[in-house]
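K.L.:
Number of protein chains: 6
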Amino acid sequence: MAMQRSTHFDESGQAQMVDVTAKSITARTATATAVVSMNAQAAQSIRQGDSRKGDVLAVARLAAITGTKWTSTLIPLCHAIPIEGVEVGFQWLDEPAAPSTEGTTPTSLLRCTATVKTTYKTGVEMEAMTAASVAALTIYDMLKSVDRSMEIRQTRLEHKDGGKSGLFQR
Amino acid sequence: MAMQRSTHFDESGQAQMVDVTAKSITARTATATAVVSMNAQAAQSIRQGDSRKGDVLAVARLAAITGTKWTSTLIPLCHAIPIEGVEVGFQWLDEPAAPSTEGTTPTSLLRCTATVKTTYKTGVEMEAMTAASVAALTIYDMLKSVDRSMEIRQTRLEHKDGGKSGLFQR
Amino acid sequence: MAMQRSTHFDESGQAQMVDVTAKSITARTATATAVVSMNAQAAQSIRQGDSRKGDVLAVARLAAITGTKWTSTLIPLCHAIPIEGVEVGFQWLDEPAAPSTEGTTPTSLLRCTATVKTTYKTGVEMEAMTAASVAALTIYDMLKSVDRSMEIRQTRLEHKDGGKSGLFQR
Amino acid sequence: MAMQRSTHFDESGQAQMVDVTAKSITARTATATAVVSMNAQAAQSIRQGDSRKGDVLAVARLAAITGTKWTSTLIPLCHAIPIEGVEVGFQWLDEPAAPSTEGTTPTSLLRCTATVKTTYKTGVEMEAMTAASVAALTIYDMLKSVDRSMEIRQTRLEHKDGGKSGLFQR
Amino acid sequence: MAMQRSTHFDESGQAQMVDVTAKSITARTATATAVVSMNAQAAQSIRQGDSRKGDVLAVARLAAITGTKWTSTLIPLCHAIPIEGVEVGFQWLDEPAAPSTEGTTPTSLLRCTATVKTTYKTGVEMEAMTAASVAALTIYDMLKSVDRSMEIRQTRLEHKDGGKSGLFQR
Amino acid sequence: MAMQRSTHFDESGQAQMVDVTAKSITARTATATAVVSMNAQAAQSIRQGDSRKGDVLAVARLAAITGTKWTSTLIPLCHAIPIEGVEVGFQWLDEPAAPSTEGTTPTSLLRCTATVKTTYKTGVEMEAMTAASVAALTIYDMLKSVDRSMEIRQTRLEHKDGGKSGLFQR
Numbered sequence: 001m002a003m004q005r006s007t008h009f010d011e012s013g014q015a016q017m018v019d020v021t022a023k024s025i026t027a028r029t030a031t032a033t034a035v036v037s038m039n040a041q042a043a044q045s046i047r048q049g050d051s052r053k054g055d056v057l058a059v060a061r062l063a064a065i066t067g068t069k070w071t072s073t074l075i076p077l078c079h080a081i082p083i084e085g086v087e088v089g090f091q092w093l094d095e096p097a098a099p100s101t102e103g104t105t106p107t108s109l110l111r112c113t114a115t116v117k118t119t120y121k122t123g124v125e126m127e128a129m130t131a132a133s134v135a136a137l138t139i140y141d142m143l144k145s146v147d148r149s150m151e152i153r154q155t156r157l158e159h160k161d162g163g164k165s166g167l168f169q170r
Numbered sequence: 001m002a003m004q005r006s007t008h009f010d011e012s013g014q015a016q017m018v019d020v021t022a023k024s025i026t027a028r029t030a031t032a033t034a035v036v037s038m039n040a041q042a043a044q045s046i047r048q049g050d051s052r053k054g055d056v057l058a059v060a061r062l063a064a065i066t067g068t069k070w071t072s073t074l075i076p077l078c079h080a081i082p083i084e085g086v087e088v089g090f091q092w093l094d095e096p097a098a099p100s101t102e103g104t105t106p107t108s109l110l111r112c113t114a115t116v117k118t119t120y121k122t123g124v125e126m127e128a129m130t131a132a133s134v135a136a137l138t139i140y141d142m143l144k145s146v147d148r149s150m151e152i153r154q155t156r157l158e159h160k161d162g163g164k165s166g167l168f169q170r
Numbered sequence: 001m002a003m004q005r006s007t008h009f010d011e012s013g014q015a016q017m018v019d020v021t022a023k024s025i026t027a028r029t030a031t032a033t034a035v036v037s038m039n040a041q042a043a044q045s046i047r048q049g050d051s052r053k054g055d056v057l058a059v060a061r062l063a064a065i066t067g068t069k070w071t072s073t074l075i076p077l078c079h080a081i082p083i084e085g086v087e088v089g090f091q092w093l094d095e096p097a098a099p100s101t102e103g104t105t106p107t108s109l110l111r112c113t114a115t116v117k118t119t120y121k122t123g124v125e126m127e128a129m130t131a132a133s134v135a136a137l138t139i140y141d142m143l144k145s146v147d148r149s150m151e152i153r154q155t156r157l158e159h160k161d162g163g164k165s166g167l168f169q170r
Numbered sequence: 001m002a003m004q005r006s007t008h009f010d011e012s013g014q015a016q017m018v019d020v021t022a023k024s025i026t027a028r029t030a031t032a033t034a035v036v037s038m039n040a041q042a043a044q045s046i047r048q049g050d051s052r053k054g055d056v057l058a059v060a061r062l063a064a065i066t067g068t069k070w071t072s073t074l075i076p077l078c079h080a081i082p083i084e085g086v087e088v089g090f091q092w093l094d095e096p097a098a099p100s101t102e103g104t105t106p107t108s109l110l111r112c113t114a115t116v117k118t119t120y121k122t123g124v125e126m127e128a129m130t131a132a133s134v135a136a137l138t139i140y141d142m143l144k145s146v147d148r149s150m151e152i153r154q155t156r157l158e159h160k161d162g163g164k165s166g167l168f169q170r
Numbered sequence: 001m002a003m004q005r006s007t008h009f010d011e012s013g014q015a016q017m018v019d020v021t022a023k024s025i026t027a028r029t030a031t032a033t034a035v036v037s038m039n040a041q042a043a044q045s046i047r048q049g050d051s052r053k054g055d056v057l058a059v060a061r062l063a064a065i066t067g068t069k070w071t072s073t074l075i076p077l078c079h080a081i082p083i084e085g086v087e088v089g090f091q092w093l094d095e096p097a098a099p100s101t102e103g104t105t106p107t108s109l110l111r112c113t114a115t116v117k118t119t120y121k122t123g124v125e126m127e128a129m130t131a132a133s134v135a136a137l138t139i140y141d142m143l144k145s146v147d148r149s150m151e152i153r154q155t156r157l158e159h160k161d162g163g164k165s166g167l168f169q170r
Numbered sequence: 001m002a003m004q005r006s007t008h009f010d011e012s013g014q015a016q017m018v019d020v021t022a023k024s025i026t027a028r029t030a031t032a033t034a035v036v037s038m039n040a041q042a043a044q045s046i047r048q049g050d051s052r053k054g055d056v057l058a059v060a061r062l063a064a065i066t067g068t069k070w071t072s073t074l075i076p077l078c079h080a081i082p083i084e085g086v087e088v089g090f091q092w093l094d095e096p097a098a099p100s101t102e103g104t105t106p107t108s109l110l111r112c113t114a115t116v117k118t119t120y121k122t123g124v125e126m127e128a129m130t131a132a133s134v135a136a137l138t139i140y141d142m143l144k145s146v147d148r149s150m151e152i153r154q155t156r157l158e159h160k161d162g163g164k165s166g167l168f169q170r
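Protein chains in written order, with full-length UniProt numbering: chain A, 1 to 170; chain B, 1 to 170; chain C, 1 to 170; chain D, 1 to 170; chain E, 1 to 170; chain F, 1 to 170.
Shown next as structure tokens:
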């Protein structure tokens, strides 16, 4: 099998920010999700945000949107990309997307979905992945006093389009 | 069951940065992990970093260390904490820590572990969680051209000590 | 009258970050306010946030809290201060705190109040002033498509205590 | 009256970064002002900057210019915009632009004016507003040891042109 | 001799961010170098990085790449530029590029070279100069416990092309 | 000769942020300098700053002061340190501190000196080195349109005291 090299290293194996000078400027979209597992008490605390006892998801949504702006700060070899739109949503999963890894009682699962758009020479997968991660981390932060065992599961790219590598759809 | 409120909201449900003025300054430690699943080609690409074909883990380790410094930027209600030490390690898991969620063929699993220390009024759980997440996101970034289906699984707190809430050990 | 010199300049008039090495670490609090004037339509849009048509004040509150963390980035000679607590509130003023400066019809006035706490060698007036300003700027940003003529009026320190200069109360 | 919705919320009232993908790239300019009121001693301290006893306005000007670069960090739903030019000026107002709100003796009024330019899909009103605010906050910071009662008054947009919404002139 | 004015000041001598609105978008490249002098022990410590006793140059390379993203934060009147590619290399100089300034025994000299690319209205000289400086500062940081007398010498632009001012080659 | 290991790597050669938990909090000072060489025209342009044709050194001084706050962002393994005071000065050198490296005609030499203070567990050498570097880079930026061949020479630590390693004086 011919070895495929990550484009983030040059021929001698040194890290570089990939030269995108010659790439085409095209419209690009990426969507990523992160799933947070939590106990019943934490889930109840979030749901009550609707009744204004503290809106965890409003905070997490804002954190995710602003998180997209920090992607190139966090990920060393990322280009800074002009982000043209961000949407963040949340959905309770009736059935676990990922089985509990320790045989414990079932937990509530909340999925964070972030969609990011740009018109640039390189894509926004990392911005979407970072947004979903930051949403999940913020939820953990706000509820860790209620359930310190919360886990972030299955952070992953769901969709991307635009650019030379074309469509990716899970 | 009496409802437990997240401390990040005041009595009327408004977000706040929790007042820690009166808390004691104590030594605190937190450890978090994130597990990345990837296909064989991506795993091979990382392992070859040892032979200087591009050291993915060295980049991810640095990203995780510097990521701890951005925690209070990413997480809206986090205090900025004087971080006094960070260690980041990686370990290949022979057996999957999390079963594949879609019945696909087994994948390689790499665990990122971040330990953060401070001497302050509040703990570094979020710094450790952020470091582990950034390590995993950086690995995804560097290898997404090889395997765009990589997933980050099971980001979670493993250990914390110090402070009023005391020891947490999974 | 003997001329009083700003402490941010040395004897030859050069800017400096004031040396606070020898100052005492004490608990300090500061409160600042900013008043935003707007037309009836913009005011209605904010009030409807309570009924979940878009919660402008939740966004402004978070922006103000995170804004405190950027104070020493924005204000060149400010020290970076360990912020230990932030509260942000909003209040509609029945009677204008500041008369309209152009003889136009009366507008609605919304007051943003930010209180910041630290235990450090220097105070948090600038953090409170910045938080109130950022709250007001965020409100302007979110409603400028409704009323581009909105104004921020009367951003000022209301209260400070702690430190050598002692209590300030308007 | 049909309710006008802020574009920063989607149809269900959730915050978003507005999608500007389809907007035209055009030259855009925005000018904003902030007025600072201060006592005679503080005003004298600034004026003496000309004679090199400490140049408050040079510091405030630089803070305002660099402040434009932090706009999308401070204002959660702002796009990061490629800023192509910034000018900052100061003018003493012989007659108060805003009457004192508390019946106190007349104060000196200094107006900070910031003009920002871009060629992009969305405008630079917030960059101009932020620059004017940061100039005023920096002046407050440098002279608060001389006059802690200084106020920032009447931060507002004076002019914008370019883009779909066209010309705004006060 | 007619006096040439820096473009960073307007006609009255006030600092400004130069208006580049009307400039052409062209491909631009810049290369800068910094030379670090160190004693034999520090040099040995770096060379052993190849044998995985701690890879100083891998850390310095990453710091230089990410340093390019901070240029407009560090340099007050710099425009934020969309960086499209960064390469960083290191070379041991057999013969000193700069003679020791104090008549001490010869030291080892290591040259850091950074090349930055953009397609924009203004050039990336400052990004290349900043990258080379940050590489050198990082090397100093990592080895100052071994040789606190290390010096950074001869940071300078080696090459630039693109834009109205055309080619510069040392 | 027994090999001395940089403290920024652990025993297996992996980068880490050094654990300073157990170190004593003491007053610490560091002073660093950077020397900029330039042609006569550039030097004249700076000197005329005194007569208000554009004050290059005022901009460079502010950039250096704010640069100290970015040190831990730029240098990956640096701790974020509470900076308690910064002074930045400039001095023309009548005689070159560093001989021209290319046999060209003598140039003017300007020395930037930065002194930084803290009371913390680790020192501020890197903050002083970064401040001196940023001052020099800013001077280059502002005058590169006048003399693109300017060089930064001899950035180095001049003095440090406080902490376990004690006094360093060149």
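Ideal Cβ positions, reconstructed from N, Cα and C, are used throughout, including at glycine.
Restricting to runs no shorter than 3 residues, where is the beta strand (DSSP E) found entirely within the stretch 57-133 of chain C?
P.N.:
Counting only runs of 3 or more, we get 83-93 and 108-120.
K.L.:
Mind checking who Arg-47/D pairs with in its DSSP beta bridge?
P.N.:
DSSP lists no partner for Arg-47/D.
K.L.:
Is the shortest distance between the beta-carbon of Ile-75/A and the beta-carbons of chain D less than 8 Å?
P.N.:
No, its Cβ sits nowhere closer than 8 Å to a Cβ of chain D.
K.L.:
What first and last residue would you give for the beta strand (DSSP E) that runs through Gln-16/A?
P.N.:
Looking at the DSSP string, Gln-16/A is not in any beta strand (DSSP E), and its letter there is neither H nor E.
K.L.:
By alpha-carbon positions, which one of Ala-80/B, Ile-65/B and Thr-71/B ends up nearest to Thr-113/B?
P.N.:
Answer by Cα proximity: Ile-65/B.
K.L.:
Would you kindly report the start and end of the unbroken beta strand (DSSP E) that includes His-159/D?
P.N.:
His-159/D -> beta strand (DSSP E) spans 151-161.
K.L.:
Using the Cα positions of Gly-166/D and Thr-118/D, report the straight-line distance between them to the nearest angstrom.
P.N.:
So the two alpha carbons sit approximately 15 Å from each other.
K.L.:
For the stretch 140-152 of chain E, enumerate the residues whose C-beta is nearer than 8 Å to any C-beta of chain F, in chain order.
P.N.:
Result list: Tyr-140, Asp-141, Met-142, Leu-143, Lys-144, Ser-145, Val-146, Arg-148, Ser-149, Met-150, Glu-151 and Ile-152.
K.L.:
Just curious, the beta strand (DSSP E) that Val-35/A is in, first and last residue?
P.N.:
Looking at the DSSP string, the run of the beta strand (DSSP E) that includes Val-35/A is 26-38.
K.L.:
Could you tell me which residues DSSP pairs with Gln-169/E in its beta bridges?
P.N.:
For Gln-169/E, which the question treats as bridged, DSSP gives the partners His-159/E.
K.L.:
Residues of chain F with CB closer than 8 Å to the CB of Arg-61/B, please, in chain order.
P.N.:
Near Arg-61/B (Cβ distances below 8 Å), the residues of chain F are Gln-14 and Ala-15.
K.L.:
For Asp-141/F, count the other beta carbons within 10 Å of its own beta carbon; 16 or more makes it buried, fewer makes it exposed. Which is it?
P.N.:
Buried, because 16 or more other Cβ atoms sit within 10 Å of the Cβ of Asp-141/F.
K.L.:
Take every Cβ of the stretch 10-27 of chain E, pair it with every Cβ of the stretch 5-17 of chain D, and state whether three or more of those distances are shorter than 8 Å.
P.N.:
Contact between the stretch 10-27 of chain E and the stretch 5-17 of chain D is absent, because fewer than three Cβ pairs lie under 8 Å.
K.L.:
With a cut-off of 8 Å, does the C-beta of Ala-43/B fall near any C-beta of chain F?
P.N.:
Ala-43/B does not count as touching chain F.
K.L.:
For residue 195/F, count neighbouring Cβ atoms within 10 angstroms of its own Cβ and tell me buried if that reaches 16, exposed if not.
P.N.:
For residue 195/F there is no data in the structure shown, the boundaries of chain F being 1 and 170.
K.L.:
Thinking C-alpha only, which one of Ala-22/F, Asp-55/F, Val-86/F and Ala-136/F is nearest Phe-9/E?
P.N.:
Among Ala-22/F, Asp-55/F, Val-86/F and Ala-136/F, the Cα nearest to that of Phe-9/E is on Asp-55/F.
K.L.:
Mind checking the stretch 17-35 of chain A against chain E and listing, in chain order, the residues whose C-beta falls within less than 7 Å of any C-beta there?
P.N.:
Correct list: Met-17, Val-18, Asp-19, Val-20 and Thr-21.
K.L.:
For Cys-78/E and Val-116/D, I'd like the C-alpha separation in whole angstroms.
P.N.:
Cα to Cα, Cys-78/E sits roughly 14 Å from Val-116/D.
K.L.:
Around the C-beta of Ile-25/F, are 16 or more other C-beta atoms found within 10 angstroms, so that it is buried, or is it exposed?
P.N.:
Exposed, because fewer than 16 other Cβ atoms sit within 10 Å of the Cβ of Ile-25/F.
K.L.:
Among the candidates Lys-144/D, Gly-163/D, Asp-147/D and Val-134/D, whose CA atom is the shortest distance from the CA of Ala-32/D?
P.N.:
Nearest option by C-alpha distance: Val-134/D.
K.L.:
Report yes if the CB atom of Gly-123/C is closer than 8 Å to the CB atom of Ala-30/C, and no otherwise.
P.N.:
Yes; because the gap between Cβ atoms is below 8 Å, this pair is in contact.
K.L.:
Does any residue of chain A have a CB that is nearer than 8 Å to the CB of Arg-156/B?
P.N.:
Arg-156/B counts as touching chain A.
K.L.:
In angstroms, rounded to a whole number, what distance separates the CA positions of Tyr-88/A and Ala-136/E?
P.N.:
Here residue 88/A is Val; the residue named in the question, Tyr, does not match the sequence. Cα to Cα, the separation comes out at about 41 Å.
K.L.:
For chain F, check one thing: does any of its Cβ atoms lie closer than 8 Å to the Cβ of Cys-78/E?
P.N.:
By this cut-off, Cys-78/E is an interface position.
K.L.:
Tell me which same chain residues have a C-beta within less than 7 Å of the C-beta of Leu-74/A, skipping the five on either side of it?
P.N.:
These residues qualify, in order along the chain: Thr-130.
K.L.:
Taking only the alpha-carbon atoms, compute the straight-line gap between Leu-143/E and Gly-13/F and give it to the nearest angstrom.
P.N.:
Each residue's alpha carbon lies about 14 Å from the other.
K.L.:
Do Thr-71/D and Val-86/D have their C-beta atoms closer together than 8 Å?
P.N.:
Their beta carbons are not under 8 Å apart, which means Thr-71/D does not touch Val-86/D by this criterion.
K.L.:
Which word fits Leu-57/B, buried or exposed, when buried means at least 16 other C-beta atoms lie within 10 angstroms of its C-beta?
P.N.:
By the neighbour-count rule (16 or more Cβ atoms within 10 Å), Leu-57/B is buried.
K.L.:
Using CA coordinates, which residue listed in Thr-155/C, Met-126/C, Asp-147/C and Glu-125/C is at the minimum distance from Glu-125/D?
P.N.:
Considering only alpha carbons, the answer is Asp-147/C.
K.L.:
Just the Cα atoms here: how many angstroms apart are Arg-156/D and Ser-6/C?
P.N.:
Computed Cα separation, rounded: 28 Å.
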